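A short worksheet on the structure shown next.
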Amino acid sequence: MCFSATASFAVSAGLIPVGVYCVYKVRLVNRAYWPFALYPLFFGIQQAAEGWLWLMLESGNMESIRLPALSFVFFSHFFWLLWIPYSCFVIENSDNKKWYFFIMTITGCLFGLALYVPVLLFADWMTVSLIHQSISYELKLLFDDFVPRLAVRGAYVLIILIPLLSSSQKYLRYFGVIIALSVLGTVLLYAETFISVWCFFAAVFSFYMLYMIISLERQKAIH
Numbered sequence: 006m007c008f009s010a011t012a013s014f015a016v017s018a019g020l021i022p023v024g025v026y027c028v029y030k031v032r033l034v035n036r037a038y039w040p041f042a043l044y045p046l047f048f049g050i051q052q053a054a055e056g057w058l059w060l061m062l063e064s065g066n067m068e069s070i071r072l073p074a075l076s077f078v079f080f081s082h083f084f085w086l087l088w089i090p091y092s093c094f095v096i097e098n099s100d101n102k103k104w105y106f107f108i109m110t111i112t113g114c115l116f117g118l119a120l121y122v123p124v125l126l127f128a129d130w131m132t133v134s135l136i137h138q139s140i141s142y143e144l145k146l147l148f149d150d151f152v153p154r155l156a157v158r159g160a161y162v163l164i165i166l167i168p169l170l171s172s173s174q175k176y177l178r179y180f181g182v183i184i185a186l187s188v189l190g191t192v193l194l195y196a197e198t199f200i201s202v203w204c205f206f207a208a209v210f211s212f213y214m215l216y217m218i219i220s221l222e223r224q225k226a227i228h
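Letter by letter, the sequence shown follows residues 6 to 228 in my numbering.
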C-alpha cells in the first residue's frame, strides 16, 4: 500500500465532516458517547497534519517539517493515550471498571507527557524520514537508558487497547477488536513506520463511530 499526502488528505476530508455529524447526532441519541463522537474529527485533524508533513518532505523543505510533525505526534504520542481511556471512563457504568479506567486515564496522560514534552522542548529529539513510502518518526525518550523500546511500545498499545476491550459497552469492545487487529497487521507489515501507519488505519477505522451512533439511534427508536 502506498501512503501519501493525497491519502492523508482524502481520509481527513472524509473524517472531519463525519466527525461534525457524529457530534451533532450524539446529542440526540446518547450524550454519554460524546467523547467517541469526536474520534473521527480528531483523527481527521491528525491526518491533515500528516498530509501537510508529506508535502514538506516531498518538497525537500526540511526546515518546515517540525510544526506538522509536532502536530501529528501530539495526537499519536499524547492525546490518544489520554482520550481513549478517558472516553471509556465517561461511558462506563460499572463502578469497579470506572475506577480502573480513571487510573488508566491518569497513567495515559502521564505517559503521554513523558513521551511528548521532551520532543516539544528539544528539536533534536525527533527525526522524521521517509521509509518505503511511509513516514518514520524516530523519537528520543526520557527512559531510553533503562527501559527497552519494546516495553515502551507494549505499554503504549496496552493503554490504548485495554479500556476498549474491557468496556461494558459492546460497541466499544468491537472497536477494540478492530484496533487490535490493526495493531497486529501493522506490526507484521510496517514495523519500521508503525506509528504513522497504525494511526492512518485507526483513522480509517474511526468511521466505525458513525455506524455505532446510527446503531444506538435505531435502538433508541425501537425502545
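The beta-carbon is built from N, C-alpha and C at its ideal position, and this holds for glycine as well.
Predicted model only: the values in this text are computed from it and were never measured.
So, with DSSP's three-state summary, where would you put residue i?
| i | result |
| --- | --- |
| Ser211 | coil |
| Ile165 | helix |
| Met6 | Summary for Met6: the model assigns pLDDT 42, below 50, so the residue's position carries little reliability; its value from the coordinates is reported in the next sentence. In this structure, Met6 counts as coil in the three-state DSSP scheme. |
| Ser134 | strand |
| Leu147 | coil |
| Ser139 | strand |
| Leu43 | coil |
| Pro153 | coil |
| Phe127 | coil |
| Ser17 | helix |
| Ser172 | coil |
| Trp57 | helix |
| Ser220 | helix |
| Lys225 | helix |
Please confirm whether residue i and residue j have their CB atoms less than 8 Å apart.
| i | j | result |
| --- | --- | --- |
| Val182 | Trp203 | no |
| Glu97 | Ser173 | yes |
| Phe116 | Ile165 | no |
| Trp130 | Leu144 | yes |
| Glu55 | Ser201 | yes |
| Gly19 | Leu43 | no |
| Val157 | Leu146 | yes |
| Val16 | Ala208 | yes |
| Pro168 | Ile218 | no |
| Ile140 | Thr191 | no |
| Val34 | Lys225 | yes |
| Ser171 | Lys102 | yes |
| Val133 | Ala196 | no |
| Ala128 | Arg71 | yes |
Which two residues bound the contiguous beta strand (DSSP E) that contains residue i?
| i | result |
| --- | --- |
| Ile70 | It is not in any beta strand (DSSP E) - Ile70 carries neither H nor E in the DSSP assignment. |
How is the alpha helix (DSSP H) around residue i delimited, first residue to last?
| i | result |
| --- | --- |
| Ala185 | Lys175 to Leu194 |
Please report whether the beta-carbon of residue i lies at a distance below 8 Å from any beta-carbon of chain D.
| i | result |
| --- | --- |
| Leu43 | Of the protein chains in this structure there is only one, and it is not chain D. |
Q) What runs of the alpha helix (DSSP H), each 4 residues or longer, lie entirely inside the stretch 77-118? A) 85-96
Q | Three CB pairs or more closer than 8 Å across the stretch 11-31 and the stretch 47-66 | A | yes
Q) Does the pairing of the stretch 42-58 with the stretch 79-99 give three or more beta-carbon distances under 8 Å? A) yes
Q) On the three-pair Cβ rule with 8 Å, is the stretch 83-97 touching the stretch 110-129? A) yes
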